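Student: Just dropping this structure here.
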Amino acid sequence: MPGEASGRTAFVFAGGGSFGAVQVGMLRELVLSGVRADFIVGCSVGAINGVHFAGAPDNDGVALLERIWRGLRRRDIFPLTLGNVLAALMRRAHLVDPGALRALLERHLPCKTLEDAAIPVHVVATSLLAGIAVCFSRGPAVPAVLASAAIPAAFPPVRIGDHDYIDGGVASNTPVETARELGATRIVVLPGGFACALTSPPSGAVASAMHALNLMIARQMVSDIQRIGDRIEIAVVPPLCPLDISPYDFTRAGELIDRAAASTREWIDTGGLARRDVPHQLRAHLHK
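Using this note's numbering, the first residue of the sequence shown is number 1126, and each one after it goes up by one.
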C-alpha cells in the first residue's frame, strides 16, 4: 500500500532481468563514494536489489548482493522443467513456475517484511485489472517482490489481499514518478538499460517478453525524467552501452557488474552526480 518516505534522497532501482547485475556494479561505487539513500523504490528485478540493499544498506550488504549475483544462473529463476514445457503445450496462462524465484528470495532477502528493512523501501507492482502502479511499503517482502517481478506470460499474477498484481514495469508510472510522489527531493536512478547491440532478436517467448519490457521501461523512464526533471533533482547513472546480452542470459553477471562498476566510477569522478541530463544510453538507438 502507498507509504510515507521519511527522507529526501531516493535510490530508484528499475527493472531489467539479468541486467539487475548492472545495478549491483552501480550501487557498489555509489556506496563507496559515500552516497546515501534515505529510502528505496524498486520495480521488477530492481525490487529484488532494492529490498536486499534496504535490508543491509552498506558495503557489506552490497558485497553479499554481488556474491549472490555472481553465482546466479537462469535455472535459479527460470527453471526448465517438464511441467513448464507441458504448460506451454497446454496453453497455461504462464510459462514458468515461480517456485524457484520464491525460494531464492526466501533464502536471500535480509528482511521478512518491508517495514523491517534498515531504511524504508517501497516496491512497485501493477494492478492487473486496473493497470495502475501500486506501491507496497509494508507487509511480507517476498509476495511484494514476486508481484513486482511477475513478468506477464512468464510468471503468474501474484494475489495480495483481494487483488492480483503483475510486473511493475507494465504500469504507465515508473519508479521515478513513484519516488517523487513519496516525497523525494533528490533521486538517484539505477537503470538496468536495454540490449542495444544485439545482432538478432531474442529467441523464445520469455526472452522476447523481457527484451520488450526493458525497451518500454527505458522509454517510460526517459519520458518521466523529462517531465519532472525541472521540479526535482534527478541524477541518472548511465547504463551500459553497447550491450549485446539478452536480459534472459544470466551467465555474464560478473562481467556486467565489473563493467558497470568501472563506468559508474568514471561517471562519479567526472561530476555525474551533479548532472541533470538524460544519459544517451537510455534513449532509443542501435549499433551497427
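Backbone N, C-alpha and C define an ideal beta-carbon position, used for all residues, glycine too.
In this text, all values refer to a predicted model and were calculated from it rather than measured experimentally.
Please determine if the segment 1365-1380 and the segment 1321-1332 are in contact, where contact requires at least 3 C-beta pairs separated by less than 8 Å.
Tutor: Cβ pair count under 8 Å is three or more, so yes.
Student: Whose C-beta lies closer than 7 Å to the C-beta of R1377 among residues of the same chain, with five residues either side of it excluded?
Tutor: Against the sequence shown, residue 1377 aligns to sequence position 252. Within the same chain, R1377 has close Cβ partners I1370.
Student: Could you give the distance in angstroms between the alpha-carbon of V1419 and the alpha-carbon of A1386?
Tutor: Only positions 1126 to 1413 of the chain appear in the structure, and residue 1419 is not among them; the question remains open.
Student: Buried or exposed: where does P1326 fall if 16 or more other Cβ atoms within 10 Å of its Cβ makes it buried?
Tutor: Translated into the one-based positions of the sequence shown, residue 1326 becomes position 201. Exposed.
Student: If I measure Cβ to Cβ from R1263 and keep anything under 6 Å in the same chain, skipping five residues before and after, which residues do I get?
Tutor: Numbered from 1 along the sequence shown, position 138 holds the residue referred to as residue 1263. Same-chain partners within the cutoff: L1239 and E1240.
Student: Beta-carbon separation of P1282 and A1275 under 8 Å?
Tutor: The residue you call residue 1282 lines up with position 157 of the sequence shown. The residue you call residue 1275 lines up with position 150 of the sequence shown. Yes.
Student: Is F1375 helix, strand or coil by DSSP?
Tutor: Locating residue 1375 in the sequence shown gives position 250, where the first residue counts as 1. Of the three classes helix, strand and coil, the one that applies to F1375 here is coil, per DSSP.
Student: Whose CA, out of H1177, A1139 and I1173, lies closest to the CA of D1349?
Tutor: The residue labelled residue 1349 in the question sits at position 224 within the sequence shown. Comparing Cα positions, the closest option is A1139.
Student: Thinking C-beta only, is I1357 closer than 8 Å to R1305?
Tutor: As a first step, residue 1305 must be located in the sequence shown, where it is residue number 180. As a first step, residue 1357 must be located in the sequence shown, where it is residue number 232. Yes; because the gap between Cβ atoms is below 8 Å, this pair is in contact.
Student: When DSSP labels each residue in this structure, what does D1185 get in the three-state scheme?
Tutor: Here the question's residue 1185 lines up with position 60 in the sequence shown. Three-state DSSP puts D1185 in a helix.
Student: At which residue ranges does the segment 1284-1337 contain complete alpha helix (DSSP H) runs of 4 or more residues, listed in the order of the chain?
Tutor: For the segment 1284-1337, whole alpha helix (DSSP H) runs of length 4 or above, ordered along the chain, are 1300-1306.
Student: Run through the DSSP bridge pairs and tell me what N1252 is partnered with.
Tutor: Indexing the sequence shown from 1 puts residue 1252 at position 127. The question names Asn, yet the displayed sequence has Ser at residue 1252. Paired residues: Y1290.
Student: Inspect the beta-carbon positions of F1136 and I1173 and report whether they are closer than 8 Å.
Tutor: Looking up residue 1136 in the sequence shown gives position 11. Looking up residue 1173 in the sequence shown gives position 48. The answer is no: Cβ separation not under 8 Å.
Student: Excluding five sequence neighbours on each side, which residues of the same chain lie with their C-beta closer than 7 Å to the C-beta of H1410?
Tutor: As a working mapping, residue 1410 is identified with position 285 in the sequence shown. Excluding positions up to five away in sequence, the list reads C1321.
Student: Is it buried or exposed for T1148, if we count other Cβ within 10 angstroms and need 16 for buried?
Tutor: On the sequence shown, residue 1148 is found 23 positions in, with the first residue counted as 1. Looking at the sequence provided, one finds Gln at residue 1148 rather than Thr. Counting Cβ neighbours within 10 Å, Q1148 comes out buried, since at least 16 surround it.
Student: Which residue's Cα is closest to the Cα of R1133: G1308, D1402, M1151 and R1384?
Tutor: Taking the first residue of the sequence shown as 1, we reach residue 1133 at position 8. It is G1308.
Student: Which residue from R1400, T1310, R1195 and V1313 puts its Cα closest to that of E1380?
Tutor: For the purposes of this step, residue 1380 is taken as the residue at position 255 of the sequence shown. The candidate whose alpha carbon is nearest that of E1380 is R1195.
Student: Leaving out the 5 sequence neighbours to the left and right, which residues in its chain are closer than 6 Å to L1315 when beta-carbon positions are compared?
Tutor: To locate residue 1315, count along the sequence shown from 1; it is residue 190. Excluding residues within five positions, the ones whose Cβ falls inside 6 Å are F1138, Q1148, M1151 and V1362.
Student: Alpha carbon to alpha carbon, how far is H1288 from E1391? Give it in angstroms, no decimals.
Tutor: To locate residue 1391, count along the sequence shown from 1; it is residue 266. To locate residue 1288, count along the sequence shown from 1; it is residue 163. Using only the alpha carbons, I get a separation of about 44 Å.
Student: Just to check my reading of the structure: I1291 and L1253 have Cβ atoms closer than 8 Å, yes? What is that Cβ distance to the nearest angstrom?
Tutor: As a position in the sequence shown, residue 1291 is number 166, starting the count at 1. As a position in the sequence shown, residue 1253 is number 128, starting the count at 1. I1291 to L1253, Cβ: 5 Å. Contact.
Student: Which partner residues does I1359 have in the DSSP bridge list?
Tutor: The residue you call residue 1359 lines up with position 234 of the sequence shown. I1312, per the DSSP bridge assignment.
Student: Identify, in the order they occur along the chain, each residue of the same chain with its Cβ nearer than 7 Å to the Cβ of E1191, setting aside the five sequence neighbours on each side.
Tutor: Along the sequence shown, read from residue 1 onward, the residue named residue 1191 stands at position 66. Once the five neighbours on either side are set aside, the close Cβ partners of E1191 are V1149, R1153 and I1382.
Student: Does DSSP put H1247 in a helix, in a strand, or in coil?
Tutor: By one-based count along the sequence shown, residue 1247 stands at place 122. DSSP places H1247 in strand when its eight states are reduced to three.
Student: Can you give me the Cβ contacts of R1414 inside the same chain, cut-off strictly under 6 Å, excluding the 5 residues immediately before and after it?
Tutor: There is simply no residue 1414 to check, as the chain begins at 1126 and stops at 1413 in what is shown.
Student: Could you name the residues of the same chain whose beta carbon sits closer than 7 Å to that of M1341, not counting the 5 residues immediately before and after it, in chain order?
Tutor: Position 216 of the sequence shown holds residue 1341. Contacts found: G1294.
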